[in-house]
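A.B. asks: Here our numbering is used: the first residue of the sequence shown is 2, the next is one more, and so on.
Here a beta-carbon is modelled for each residue, glycine too, at the ideal position from N, C-alpha and C.
Predicted model, so just to flag it, every value in this text is computed and none were measured.
Handing you a structure now.
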Amino acid sequence: MTTPLEVVFADLSGSLARSDTSARAFAELSDDGSESTHRAIAHHLREVTAAYALSAANMANRSDWTLGREGLSRKKGYNSPEDYVQALGGGGGGTKADTRRLIEAGTMATEAEAARDRQEQADVLAREHPEAPPVEVHRPWFAPLGDAVTDGTLSAEAATAIRRGLGEPAVGVTEEMLAEALLHLLTECRTLNADQAAKAARHCRDSIDAAGIASRADAMRARQYLRAGTG
Numbered sequence: 002m003t004t005p006l007e008v009v010f011a012d013l014s015g016s017l018a019r020s021d022t023s024a025r026a027f028a029e030l031s032d033d034g035s036e037s038t039h040r041a042i043a044h045h046l047r048e049v050t051a052a053y054a055l056s057a058a059n060m061a062n063r064s065d066w067t068l069g070r071e072g073l074s075r076k077k078g079y080n081s082p083e084d085y086v087q088a089l090g091g092g093g094g095g096t097k098a099d100t101r102r103l104i105e106a107g108t109m110a111t112e113a114e115a116a117r118d119r120q121e122q123a124d125v126l127a128r129e130h131p132e133a134p135p136v137e138v139h140r141p142w143f144a145p146l147g148d149a150v151t152d153g154t155l156s157a158e159a160a161t162a163i164r165r166g167l168g169e170p171a172v173g174v175t176e177e178m179l180a181e182a183l184l185h186l187l188t189e190c191r192t193l194n195a196d197q198a199a200k201a202a203r204h205c206r207d208s209i210d211a212a213g214i215a216s217r218a219d220a221m222r223a224r225q226y227l228r229a230g231t232g
């Protein structure tokens with residue numbers, strides 16, 4: 002039987018509360034112990050933040066504007082999912098921008114998981130009915146970012162920074178182009194912080210845009226040449 006998530010995190014909080022996390026306890030660590038402890042805390046924080054992002058996305062989904070007054074945030078007296086999620090953080094919580102990034106990261110992870118589930122269902126149907134035409138499953142171009150948040154490869158902050166840095170598909174910039182760029186960024190950004198990841202993603206998008214401009218310019222010159230040749 003699966004332990005309810007509320008119980009899991011209550012137990013974790015209880016374990017921390019029963020531990021000595023005073024400044025003195027950290028000061029008594031050796032140099033190596035200080036480093037390994039900090040790494041362990043950072044790893045734990047990333048896992049908790051991934052769950053926090055999924056939870057924030059869940060709250061936002063239950064508060065979708067299409068639900069009107071039946072949306073969770075509206076029923077609780079808040080104007081937006083961001084306001085509601087931010088309030089749930091209690092005093093000393095993050096900014097609304099922090100909350101928005103958290104929801105974005107959780108939404109990416111949720112959509113990536115949904116795409117995996119659809120693919121698994123399609124694979125089952127293909128095995129059970131090999132005579133049927135294959136079912137094409139759409140996978141968002143940014144799905145690997147959502148997977149990276151879930152498995153702890155990237156922090157929620159870094160994943161959101163990369164998504165924002167790469168931007169959205171546009172004229173001359175396809176989802177396939179962004180997906181290919183993302184694969185390179187995932188490898189490059191494993192050891193980068195969120196600020197560095199954002200810079201790398203923006204540079205990557207600038208390169209894509211520049212290549213697209215050059216390609217469109219070449220195509221325009223080719224058309225002009227053809228018109229001149231047939232005039």
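(1) Helix, strand or coil, according to DSSP, for alanine 52 in the structure here?
(2) So what's valine 172 in DSSP terms, helix, strand or just coil?
(3) Please state whether DSSP places asparagine 59 in a helix, a strand or coil.
(4) What is the DSSP secondary structure of leucine 193, reduced to helix, strand or coil?
(5) Our contact map puts methionine 109 next to leucine 146 with C-beta atoms below 8 Å; I'd like the distance itself, whole angstroms only.
(6) Across the segment 136-143 and the segment 170-190, are there enough close Cβ pairs to call them in contact, namely three or more that are closer than 8 Å?
(7) Between the alpha carbons of glutamate 83 and alanine 180, how many angstroms are there, rounded?
(8) Count the other CB atoms, across all protein chains shown, that sit within 10 Å of the CB of leucine 17; report buried if there are 16 or more and exposed otherwise.
(9) By Cβ distance, which residues of its chain are closer than 8 Å to alanine 54, with the 5 residues on each side in sequence left out?
C.D. replies: Per the coordinate set shown:
(1) The sequence position of residue 52 within the sequence shown is 51, counting from 1. Residue state, collapsed to three classes: helix.
(2) Mapped onto the sequence shown, residue 172 falls at position 171. The three-state secondary structure of valine 172, taken from DSSP, is coil.
(3) If you number the sequence shown from 1, residue 59 lands on position 58. If DSSP states are grouped into helix, strand and coil, asparagine 59 belongs with the helices.
(4) For this step, residue 193 is matched to residue 192 along the sequence shown. Correct three-state label for leucine 193: coil.
(5) Here residue 109 refers to the residue found at position 108 when the sequence shown is read from its first residue. Here residue 146 refers to the residue found at position 145 when the sequence shown is read from its first residue. About 5 Å separates the two Cβ atoms, so the contact holds.
(6) yes
(7) Taking the first residue of the sequence shown as position 1, residue 83 is located at position 82. Taking the first residue of the sequence shown as position 1, residue 180 is located at position 179. Using only the alpha carbons, I get a separation of about 28 Å.
(8) Within the sequence shown, numbered from 1, the residue matching residue 17 stands at position 16. It is exposed - the Cβ of leucine 17 has fewer than 16 other Cβ atoms within 10 Å.
(9) Walking along the sequence shown from the start, residue 54 turns up at place 53. Cβ within range, chain order: Leu103, Ile104, Ala106, Gly107, Ala110, Val150, Ala157.
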